[in-house]
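Each protein sequence line maps, in turn, to chains A and L. First residue of the first sequence? That's 1 in our numbering, and the numbers climb one at a time after it. First residue of the second sequence? That's 1 in our numbering, and the numbers climb one at a time after it.
There are 2 protein chains.
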Amino acid sequence: MRLTRFSDNALRCLMFLGHSDREISTVGEVARRMSMSEDHLLKVVKRLSQLGYVKTIRGRKGGLRLARSPEDINIAEVLRATEDNVAVVPCFDSSHEGCSISSVCQLAPAVELALAAFFATLQRYTLADLIKERRTALNALATAPSPGLAPSRPQLAVHA
Amino acid sequence: MRLTRFSDNALRCLMFLGHSDREISTVGEVARRMSMSEDHLLKVVKRLSQLGYVKTIRGRKGGLRLARSPEDINIAEVLRATEDNVAVVPCFDSSHEGCSISSVCQLAPAVELALAAFFATLQRYTLADLIKERRTALNALATAPSPGLAPSRPQLAVHA
């Protein structure tokens, strides 16, 4: 059982942008650091931009950044929007033919319930949770006693 | 998100055998009626036989039948045993390389929890539940008032 490559790369692109120290990252940099092809990443970015998760900036110093804060990006919603075909079993496809027991088969409702439980679990997570360790480490660094420096929330390379 | 073709065909093979009126079905018949290739079905049957779900009978009148009653075949257990790689995201694979945020990424534990919820739901289903309508229809037929015929449970083509 696998996510499609498209939604896997969408999640990883968002995680990279949420995790990066840089305000703006280029497609080339994300592709290289996350071992994706630039062509595929461009398609992923286009969809994430349409969905309002990513902001693309044109020009010589252009690139990508998150369009919302990581706390406002729900993982289940990203997956629901980027998995073009949540057909866990092939016969969920309307195009599927050739099964002699389809009229009595109760597999679909069972798998639909299981899938609902899968998404209900991921609904509890935001992008911020998935990159928490990094943020926790940064927070710890920022709030560590340091004479003359007031503890402050670290500036993430993310802007709503 | 999809099951592997292997586990999908394993489930469908079991459902066909549980649903069939015939005591023994041939590989050719299951393949033809469920639109699978015989070669692939043979691999599936070998695994289902090793796992104790299917009994193969040699000889001219040989073939396949369930090795347990449908009530004793748990759907989550079939999937766990036949999905050779429950790596919902590619980076679950130990062979996966090239992700620059793997050291801080919290995606794996989140998806593992979601997957546990998926399987916990399917754990409630047996093969009997998935082919229930057929059995309900047969039961209704068998228990309908019919002078001179005592109501009886229909004989399914399944033997423990």
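Note that beta-carbon positions come from the ideal geometry of N, C-alpha and C, so glycine has one too.
Query                                                                                                                                                                        : Result
Counting only beta-carbon atoms, is glutamine 106/A nearer than 8 Å to chain L?                                                                                              : yes
Can you give me the C-alpha to C-alpha distance between leucine 14/A and leucine 113/L, rounded to a whole angstrom?                                                         : 20 Å
Could you tell me whether the region 75 to 85 of chain L touches the region 113 to 124 of chain L, where touching means 3 or more Cβ pairs closer than 8 Å?                  : yes
Name the DSSP bridge partner or partners of isoleucine 57/L?                                                                                                                 : Gly63/L
Under 7 Å between beta-carbons, which chain C residues line up against lysine 132/A? List them in chain order, please.                                                       : Absent from the structure: chain C. Protein chains present are A and L.
Is threonine 82/A closer than 8 Å to serine 7/A when the C-beta atoms are compared?                                                                                          : yes
Counting only C-beta atoms, is threonine 161/L closer than 8 Å to chain A at any point?                                                                                      : Residue 161/L is absent from the structure shown; chain L starts at 1 and stops at 160.
Is the CB of isoleucine 75/L under 8 Å away from at least one CB in chain A?                                                                                                 : yes
Flag leucine 66/L as yes if its beta-carbon sits less than 8 Å from any beta-carbon of chain A, otherwise no.                                                                : no
At a CB-CB cut-off below 7 Å, which residues of chain A make contact with threonine 121/L?                                                                                   : Leu113, Ala114 and Ala117
Is glutamine 155/A close to chain L, meaning its C-beta is less than 8 Å from at least one C-beta of that chain?                                                             : Residue confidence is low: glutamine 155/A scores 28 on pLDDT, short of 50, so the model does not pin down where it sits. Its coordinate-derived value is still stated next. Taking Cβ atoms only, chain L never reaches closer than 8 Å to glutamine 155/A, which makes this a no.
In chain L, which residues lie with their C-beta within 7 Å of the C-beta of leucine 11/A?                                                                                   : Leu107
Check whether the Cβ of aspartate 129/A lies closer than 8 Å to any Cβ atom in chain L.                                                                                      : yes
In angstroms with no decimal places, state the Cα-to-Cα distance between serine 20/L and glycine 28/A.                                                                       : 56 Å
Measure the C-alpha to C-alpha separation of arginine 60/A and leucine 107/L and round it to an integer number of angstroms.                                                 : 33 Å
Could you tell me the alpha carbon to alpha carbon distance between arginine 31/A and arginine 12/A, rounded to whole angstroms?                                             : It should be pointed out that residue 31/A corresponds to alanine in this sequence rather than to arginine. Whole-angstrom Cα-Cα distance: 10 Å.
Expressed to the nearest angstrom, what Euclidean distance is found between the alpha-carbon atoms of glutamate 23/A and lysine 43/A?                                        : 21 Å
Is serine 25/L helix, strand or coil by DSSP?                                                                                                                                : strand
Using 8 Å as the threshold, is the C-beta distance between serine 37/L and glycine 63/L below it?                                                                            : no
What are the residues of the region 15 to 45 of chain L that lie near chain A, defined by any Cβ-Cβ distance shorter than 8 Å?                                               : Met15, Phe16, His19, Arg33, Met34 and Ser35
Give the residues of chain L in contact with alanine 110/A, contact being defined as C-beta atoms less than 9 Å apart.                                                       : Ile75, Thr121, Leu122, Arg124, Tyr125, Asp129 and Leu130
Could you give the residue range of the alpha helix (DSSP H) that holds glycine 18/A?                                                                                        : 5 to 19
How many whole angstroms separate the CB atoms of arginine 33/L and tyrosine 53/L, which I take to be in contact at a CB cut-off of 8 Å?                                     : Not really, about 18 Å apart at Cβ, beyond 8 Å.
Which one or two residues does DSSP pair with arginine 2/L in a beta bridge?                                                                                                 : Arg2/A
Could you pull the start and end residues of the alpha helix (DSSP H) that leucine 161/A belongs to?                                                                         : Outside the displayed span of chain A (1 to 160) sits residue 161/A, for which this structure offers no information.
Which residues in the same chain as alanine 137/L place their Cβ atom closer than 8 Å to its Cβ, once the five residues preceding and following it in sequence are excluded? : Confidence in alanine 137/L is poor, its pLDDT being 48 and thus under 50, which makes the residue's placement unreliable; the coordinate value appears in the next sentence. For alanine 137/L, where only same-chain residues beyond five positions count, there are no Cβ hits under 8 Å.
By a C-beta neighbour count over all protein chains shown, 10 Å radius and 16 as the cutoff for buried, is proline 70/L buried or exposed?                                   : buried
Output the distance between the C-alpha atoms of leucine 3/L and arginine 58/A, rounded to the nearest integer angstrom.                                                     : 40 Å
Does the beta carbon of leucine 138/L sit closer than 8 Å to a beta carbon anywhere in chain A?                                                                              : Reliability fails at leucine 138/L, whose pLDDT of 47 lies under 50, so the model's placement of it is uncertain and no value is given.
Buried or exposed for arginine 5/A, going by 16 or more other Cβ atoms inside 10 Å?                                                                                          : exposed
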